[in-house]
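Chains as they are written, first to last, in our numbering: chain A, 516 to 738; chain B, 16 to 265. No residue lacks a Cβ here, since even glycine has one placed at the ideal position from N, Cα and C.
Structure below.
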C-alpha cells in the first residue's frame, strides 16, 4: 500500500491525481500505524515550512516519519521538512537529510553570493540576435516554472536524461550536501533532489512535471 | 536555466471552450479537457482556463470542469474568471487548480489579494491586469476591458505585488486580438517588478512572442487563437524560439 501523508497541506490533491494517472492505489492518511505498515510513503507539501512542521507535530508524525524503513518521498515542502532546518519561519525540521534550507537569493544578493558574477547575467538569458534584452536584471522570487536538473545520480532518475526540465514553485531551497542526487542553479546551486538510504526528496513537483515527472514517480513506485 | 513559458489560454463558457475576439463574438473551439491535454502533449508549459460564464450554473459547471482538468493534466494550470472571495479561490484549489487569477474583484477590493496570498501563499495568486491607453495614460480596465477605472497600470501592478500577488498577467486591451504584437516597452517596465510577468494579448507571429520574451523581458507568453486555430503550432513555436537562443523546454 502507498500512503500519502495527509496533514492539511496544499498539493495533496495533485499528488493523488498523479498517482491515479500512474495506476497506483493509495491511501491518504495521518495515522502512524498505517504509515509504518505502508510499502511507500509520500510526504507532499505546499505552503510555509514552520506551519507545515507544526501540523506534522500536532499529528505526532515528527517522530514517526524519520523512523520509517520503506521508501519515503518528500515533495517540495515535504522534502524541506526532511532536512535539518528551514530559514522559513526558523523551522527545526526532521533531520533526515544533512542540509539546511535557505531562502533563494534575489538578484542583488545573488551577485553578492556568487562573488564575481555580475548581477546582469543572472535571471535573464543573454541577448538574442538583434533583440536587446529588456526588463530588470534581477532574479525573480519565487522560482516559478520549468528548470533543468543535472548531476543525476539515483535510481529515482532511471531513464531521465541530464538537463531534463522539471516544474518548480519555491522561494527556499536546500544547500548541496552529500545526499544531493540532482542539482539546479538559480542564483545559487541548490539540491533539486536528495536521497539518504530509503529517504528521497524532490524540490520540484514531479506530479506537475509532465512525462519526466511521471517517470520519476513511476521510478519511486518501483524502487 | 529557467525556461520561458508558453501558455495557451482557454476561455470557458458553460463548460465549453470559446475564444473572444476583443472579448466579443465568441466562437467555440473544442472540449476544454481534451484541448488542454492536446496542448500539454504538444509541449505547453502551463495552461490557463478563464471562466467567462455569466450565470451561477455556469460557475458550478466550471468547478466540475476544474476537477476533470486536474485529474487529466500533468502540467500546472491556472484558473480565473469571477473569483471575488477567498472562498471562491479555496473552492478552485480544492478542485485541483495550481493557481488562480484575480482581476476585476481585486480592483474593486484589493485586500482580496492579501487574503488569498495569506491563506494559500503568493504562488497561488496571479494578478490579471487589463489596461488600455487613454489620453496617454495606461488605465486599468475591468469586466473584460469594458470599464475603465481610475487606476494607472504600473501603480496598480506594483500594489498587486506588494499585496502578495506571485505573478502578473498583463493584457493590453489595445493589442488584444489584433495579432499585431505586444507593447514591449510596457512589458519592459512591468519586468522591473520582482515577480514573473506573463504577456498576453496581441501575438500574431513567432517574432512577436520572441520579442516580448526578450525586449519585453516577459517570463511567459500567453495566447489563445494562434493555438486554437493552429496558426502557430506549439512545437513549431518552441523550436523557433529555441533556434533564436531563447531558453524553452523542448
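Q | DSSP-derived helix/strand/coil call for residue 591(A) | A | coil
Q) Counting contacts by CB-CB distance shorter than 9 Å, is residue 564(A) in contact with chain B? A) no
Q | Below-9 Å beta-carbon distance, residue 682(A) vs any chain B residue | A | yes
Q: Verify the CB distance criterion: does residue 36(B) have a CB-CB separation below 9 Å to chain A?
A: Note that residue 36(B) scores 45 on pLDDT, short of 50, meaning its location in the model is unreliable; the coordinates nonetheless yield the value given after this. For residue 36(B), the answer is no, since every Cβ of chain A falls outside 9 Å of its Cβ.
Q. Just curious, the beta strand (DSSP E) that residue 114(B) is in, first and last residue?
A. 114 to 117
Q) So residue 545(A) and residue 576(A) are in contact, right, with Cβ under 8 Å, and what is the actual spacing, rounded? A) 6 Å
(Q) Can you confirm whether residue 138(B), when its beta carbon is compared against all beta carbons of chain A, has any partner nearer than 9 Å? (A) yes
Q: Can you give me, in chain order, the residues of the region 172 to 189 of chain B that have a beta carbon less than 9 Å from any beta carbon in chain A?
A: 181 and 182
Q. Secondary structure at residue 683(A), three-state DSSP: helix, strand or coil?
A. strand
**Q.** Inter-stretch contact at 8 Å, needing at least 3 Cβ pairs: the region 550 to 563 of chain A / the region 121 to 130 of chain B
**A.** No, the region 550 to 563 of chain A is not in contact with the region 121 to 130 of chain B.
Q) Taking the Cβ atom as the reference point for each residue, do residue 223(B) and residue 217(B) lie within a distance shorter than 9 Å? A) yes
Q: To the nearest angstrom, report how far apart residue 147(B) and residue 154(B) are at their CA atoms.
A: 5 Å
**Q.** Spatially closest choice to residue 735(A) from 698(A), 714(A), 595(A) and 692(A), by CA coordinates
**A.** Of the candidates 698(A), 714(A), 595(A) and 692(A), the one whose C-alpha sits nearest the C-alpha of residue 735(A) is 714(A).
Q) Residue range of the beta strand (DSSP E) that residue 221(B) falls in? A) Run containing residue 221(B): none in the beta strand (DSSP E); it sits in the alpha helix (DSSP H), 221 to 229.
Q: Excluding the 5 residues preceding and the 5 following residue 173(B) in the sequence, name in chain order all residues of the same chain whose CB lies nearer than 8 Å to its CB.
A: 208
(Q) Quick test of your reading: residue 53(B) and residue 234(B), contact by CB under 8 Å. State the CB separation rounded to the nearest angstrom. (A) With 8 Å as the limit, residue 53(B) and residue 234(B) do not qualify as a contact, their Cβ atoms being about 24 Å apart.
Q) Taking Cβ to Cβ, would you say residue 59(B) is nearer than 9 Å to residue 212(B)? A) no
Q.
Could you check whether the region 21 to 36 of chain B touches the region 717 to 733 of chain A, counting it as contact only if at least three pairs of C-beta atoms, one from each stretch, sit closer than 8 Å?
A. Not touching, per the Cβ criterion.
Q. Chain A beta carbons: is any one of them nearer than 9 Å to that of residue 211(B)?
A. It does; some Cβ of chain A falls within 9 Å.
Q. Among 705(A), 679(A) and 700(A), which has the Cα closest to the Cα of residue 691(A)?
A. 705(A)
Q.
Taking the straight line between their C-alpha atoms, what separation do you get for residue 187(B) and residue 25(B)?
A. 18 Å
Q.
Please report the straight-line C-alpha distance between residue 738(A) and residue 731(A), rounded to a whole angstrom.
A. A direct Cα-to-Cα measurement between residue 738(A) and residue 731(A) gives close to 10 Å.
Q) Counting only runs that start and end within the region 81 to 128 of chain B, where is the beta strand (DSSP E) found for 3 or more residues in a row? A) Listed in chain order, the complete beta strand (DSSP E) runs (minimum 3 residues) inside the region 81 to 128 of chain B are 92 to 95 and 114 to 117.
Q: Please classify residue 4(B): does DSSP put it in a helix, a strand, or coil?
A: This structure does not reach residue 4(B), given that chain B is present from 16 up to 265, and the question cannot be answered.
Q | Where the alpha helix (DSSP H) through residue 255(B) begins and ends | A | 249 to 258
Q) Are there 16 or more other CB atoms within 10 angstroms of the CB of residue 64(B), so buried, or fewer, so exposed? A) buried
(Q) Here's the rule: buried if 16 or more other CB atoms are within 10 angstroms of the residue's CB, otherwise exposed. What is residue 49(B)? (A) exposed
Q. In this structure, does DSSP put residue 572(A) in helix, strand or coil?
A. helix
Q) Shortest alpha-carbon distance to residue 522(A) belongs to which of 564(A), 533(A), 516(A) and 657(A)? A) 564(A)
(Q) Once DSSP output is grouped into helix, strand and coil, what is the label at residue 216(B)? (A) coil
Q. When we look at the beta-carbon of residue 614(A) and count the other beta-carbons within 10 Å, is it buried (16 or more) or exposed?
A. buried
Q. Residues of chain B with a CB under 8 Å from the CB of residue 529(A): which are they?
A. Going along chain B in sequence order, the residues near residue 529(A) (Cβ under 8 Å) are 85, 111 and 113.
(Q) For residue 699(A) and residue 578(A), I'd like the C-alpha separation in whole angstroms. (A) In this model, residue 699(A) and residue 578(A) are separated by some 30 Å (Cα to Cα).
Q: Please confirm if residue 20(B) has its CB atom under 9 Å from at least one CB of chain A.
A: yes
Q: Report the three-state DSSP secondary structure of residue 131(B) (helix, strand or coil).
A: DSSP, read as helix, strand or coil, puts residue 131(B) in helix.
(Q) When you compare the CB positions of residue 168(B) and residue 201(B), do they come within less than 9 Å of one another, or not? (A) yes
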